[in-house]
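S.K.:
Residue numbers (the numbering used here): 11 to 505.
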């Protein structure tokens with residue numbers, strides 16, 4: 011196949027007026043790459059693809075590689091292969107796209123790491139899928155730089171590999187780092203599960219100075235979370251710990267809470283979209299209360315409910331350095347006002363607060379409004395997809411006039427109508443907001459036209475989901491609206 015490809019390539023190059031010579035080795039590498047990619051893609055969770063599909067993938071990818079070789083020329087194509095060394099002690103493979111790595115390809119793309127005397131500080135192998143053989147080369151490359159390595163990104167390095175092979179490959183690569191003294195390690199997007207975590211166990215145990223660790227989109231079940239809690243040697247040094255899109259649940263949260271409680275230096279904690287419920291949320295809150303250094307907290311998309319809101323309101327007072335808090339999609343309800351109160355009183359430097367889709371009503375917005383007004387450093391507020399309606403949006407807009415640093419407000423799909431929209435538009439003009447999200451509301455056509463005349467399209471963004479025909483009475487159940495009060499509000503909100 012390689013001989014025929016070289017002959018065909020030479021013929022095409024001749025008629026195209028290009029000189030392509032001495033490319034047999036490179037064509038052989040391209041053929042092996044295309045074959046390995048097709049072979050890996052042939053295996054799916056339900057069995058194997060039809061043979062004809064594998065052949066089509068192989069011929070398509072091989073032809074594409076040959077076409078690129080013809081366009082770039084042999085020397086330039088080789089430069090592309092070895093361009094991952096970016097200088098300043100950094101090596102990054104992610105920019106060249108997803109790829110199945112054979113042993114031969116690994117020797118080529120990792121050449122800078124394998125060079126005698128290599129001393130890289132930061133290495134990223136993401137988007138390249140390593141197997142049992144190519145992982146040996148990767149391990150040797152990492153070991154060659156162990157004395158200087160500080161930051162290693164191993165996210166998304168096992169895509170498409172059978173479970174058994176992926177586990178072997180991960181262990182080999184991790185073992186290549188045993189003598190390194192890492193500060194940052196990212197193992198995200200590898201579908202680790204418990205066995206994957208244990209495959210990386212020796213590496214984790216060998217890194218007492220680790221400050222940043224990520225297991226995002228990794229299949230971290232309750233068993234995997236328990237393995238992490240068991241393996242981590244010295245979490246008191248961790249400053250950043252990220253979990254996202256895992257199936258940990260309450261029991262997994264209990265295990266991670268055990269880690270978090272011992273991580274007194276924690277500054278950046280994320281455990282979002284991990285199926286945590288009330289009990290797990292309380293455990294995490296209790297663990298958060300053991301520290302005092304958080305600057306970022308993200309518990310988005312977990313069903314913490316009002317019990318979780320009360321628990322968080324109590325412990326967040328211990329973290330005066332908080333700057334970014336994301337509690338969207340946590341069903342805090344109107345108890346979210348307790349969290350806002352705690353942050354306003356204890357975290358004067360808070361810059362971003364996200365409480366989207368939290369079941370907050372107009373009554374809840376009215377309760378949190380006085381505390382929003384106290385947030386002098388607030389730059390970004392997200393309350394999208396809450397039932398604020400007219401009264402709630404007015405309360406929020408009025409409170410935010412007291413926030414001098416404000417740059418962005420998002421009230422997408424909040425039941426905002428005429429008065430609320432006018433108040434928010436006035437806020438945008440007076441504060442010079444960079445973004446005002448009011449799409450998906452019920453603003454009358456004439457009011458919307460007036461807003462668009464005073465607030466730029468760049469700030470407003472799309473307004474294609476606005477329901478201009480629905481400007482009915484507010485549906486607040488908490489309290490009846492007083493006509494005189496609404497008239498007074500309208501009088502103070504002239505554009």
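For every residue, glycine included, the Cβ atom is placed at its ideal position computed from N, Cα and C.
These figures come from a predicted structure and were not determined experimentally.
Which residue marks the beginning of the alpha helix (DSSP H) containing residue 223, and which one marks its end?
M.R.: Residue 223 -> not in any alpha helix (DSSP H); beta strand (DSSP E) instead, spanning 222 to 226.
S.K.: Could you give the uninterrupted runs of the beta strand (DSSP E) lying entirely in the segment 120 to 168, keeping only those of 3 residues or more?
M.R.: Here the runs fully enclosed are 132 to 134, 138 to 140 and 161 to 163.
S.K.: Using a threshold of 8 Å, state whether the C-beta atoms of residue 381 and residue 406 are closer than that.
M.R.: In this structure, residue 406 does not lie closer than 8 Å to residue 381 by Cβ.
S.K.: Where do the N-terminal and C-terminal ends of the alpha helix (DSSP H) with residue 378 fall, by residue?
M.R.: It spans 372 to 382 - the alpha helix (DSSP H) in which residue 378 sits, taken as one unbroken run.
S.K.: Quick check on the burial criterion: 16 or more other C-beta atoms within 10 angstroms. Buried or exposed for residue 462?
M.R.: It counts as exposed.
S.K.: Quick one: complete beta strand (DSSP E) runs, 3+ long, within the segment 174 to 202?
M.R.: Runs found: 194 to 196.
S.K.: May I ask which residues mark the beginning and end of the beta strand (DSSP E) holding residue 109?
M.R.: Element bounds for residue 109: 109 to 111.
S.K.: Roughly how many whole angstroms lie between the Cα atoms of residue 227 and residue 151?
M.R.: Rounded to whole angstroms, residue 227 to residue 151 spans 26 Å at the Cα level.
S.K.: State the DSSP-derived secondary structure class of residue 17, mapped to helix, strand or coil.
M.R.: Note: residue 17 maps to helix in three-state DSSP.
S.K.: Whole beta strand (DSSP E) runs in the segment 230 to 255 with 3 or more residues, listed along the chain?
M.R.: Entirely contained in the segment 230 to 255, the beta strand (DSSP E) runs reaching 3 residues are, in chain order, 250 to 254.
S.K.: Which runs of the alpha helix (DSSP H) fall wholly inside the segment 426 to 453 and span at least 4 residues, in chain order?
M.R.: List check, alpha helix (DSSP H) in window: 428 to 441.
S.K.: Could you check how far apart the C-beta atoms of residue 338 and residue 364 are, in whole angstroms? I think they sit under 8 Å.
M.R.: At roughly 5 Å, the Cβ-Cβ gap stays under 8 Å, so residue 338 and residue 364 are in contact.
S.K.: Would residue 426 and residue 451 qualify as a contact pair, given that the criterion is a beta-carbon distance under 8 Å?
M.R.: A contact, by the Cβ cut-off of 8 Å.
S.K.: Going by beta carbon distance, what residues of the same chain come within less than 7 Å of residue 384, once the five residues before and after it are set aside?
M.R.: Closer than 7 Å at Cβ, skipping near neighbours: 354.
S.K.: When burial is assigned at 16 or more other CB atoms within 10 Å of the CB, is residue 218 buried or exposed?
M.R.: Result: exposed.
S.K.: Specify, as a first and last residue, the run of the alpha helix (DSSP H) that residue 315 falls within.
M.R.: That run of the alpha helix (DSSP H) goes 315 to 325.
S.K.: From 370, 211 and 471, pick the residue whose C-alpha is nearest to that of residue 398; which is it?
M.R.: Answer by Cα proximity: 370.
S.K.: Distance, Cα to Cα, residue 282 vs residue 334?
M.R.: Those two C-alpha atoms are separated by around 14 Å.
S.K.: Can you tell me which of the three DSSP states residue 76 falls into?
M.R.: Reduced to three states, the DSSP call for residue 76 is helix.
S.K.: Between the segment 287 to 294 and the segment 265 to 276, are three or more C-beta pairs nearer than 8 Å?
M.R.: Segments in contact, yes.
S.K.: Tell me, please, which residues DSSP counts as bridged to residue 420.
M.R.: In the DSSP output, where bridge partners are listed per residue, residue 420 has 392 and 447.
S.K.: Within 10 Å of its beta-carbon, does residue 78 have 16 or more other beta-carbons around it, so buried, or fewer, so exposed?
M.R.: Exposed: under 16 other Cβ atoms inside 10 Å.
S.K.: Classify residue 423: buried if its beta carbon has 16 or more other beta carbons within 10 angstroms, exposed otherwise.
M.R.: That one is buried.
S.K.: Going by alpha carbons, who is nearest to residue 110 out of 130, 305 and 139?
M.R.: Nearest C-alpha to residue 110: 139.
S.K.: Can you tell me whether residue 335 is helix, strand or coil according to DSSP?
M.R.: In the structure shown, residue 335 sits in a strand (DSSP, three-state: E or B).
S.K.: How long is the line joining the alpha carbons of residue 89 and residue 65, rounded to whole angstroms?
M.R.: The predicted model places residue 89 with a pLDDT of 45, which falls under 50 and marks its position as unreliable, so this point remains unresolved.
S.K.: Consult DSSP for residue 401 and reduce its assignment to one of helix, strand or coil.
M.R.: Reduced to three states, the DSSP call for residue 401 is helix.
S.K.: Tell me the DSSP secondary structure of residue 55 in three-state form.
M.R.: Its pLDDT being 41, under 50, residue 55 is placed unreliably in this model, and the value from its coordinates should be taken loosely. Note: residue 55 maps to coil in three-state DSSP.
S.K.: Residue 282 bridges to which residues according to DSSP?
M.R.: 254.
S.K.: Once you ignore the five residues that flank residue 358 on each side, which residues in its own chain have a CB closer than 6 Å to its CB?
M.R.: The answer is none, since no qualifying residue turns up.
S.K.: Here's a check: name, in chain order, each residue in its chain whose Cβ is nearer than 8 Å to the Cβ of residue 474, leaving out the five neighbours to either side.
M.R.: 449, listed in sequence order.
S.K.: Output the distance between the C-alpha atoms of residue 277 and residue 297, rounded to the nearest integer angstrom.
M.R.: So the two alpha carbons sit approximately 13 Å from each other.
S.K.: Based on DSSP bridge pairs, tell me the residues matched to residue 363.
M.R.: Per DSSP, 335 and 391.
S.K.: Which residues does DSSP list as the beta-bridge partners of residue 101?
M.R.: Its beta-bridge partners are 95 and 133.
S.K.: I need the boundaries of the beta strand (DSSP E) containing residue 212, first residue and last residue.
M.R.: That residue, residue 212, is in no beta strand (DSSP E); its alpha helix (DSSP H) goes 211 to 215.
S.K.: Might you give, ordered along the chain, the residues of its own chain that have their beta carbon closer than 7 Å to the beta carbon of residue 414, omitting 5 neighbours on each side?
M.R.: Contacts found: 386.
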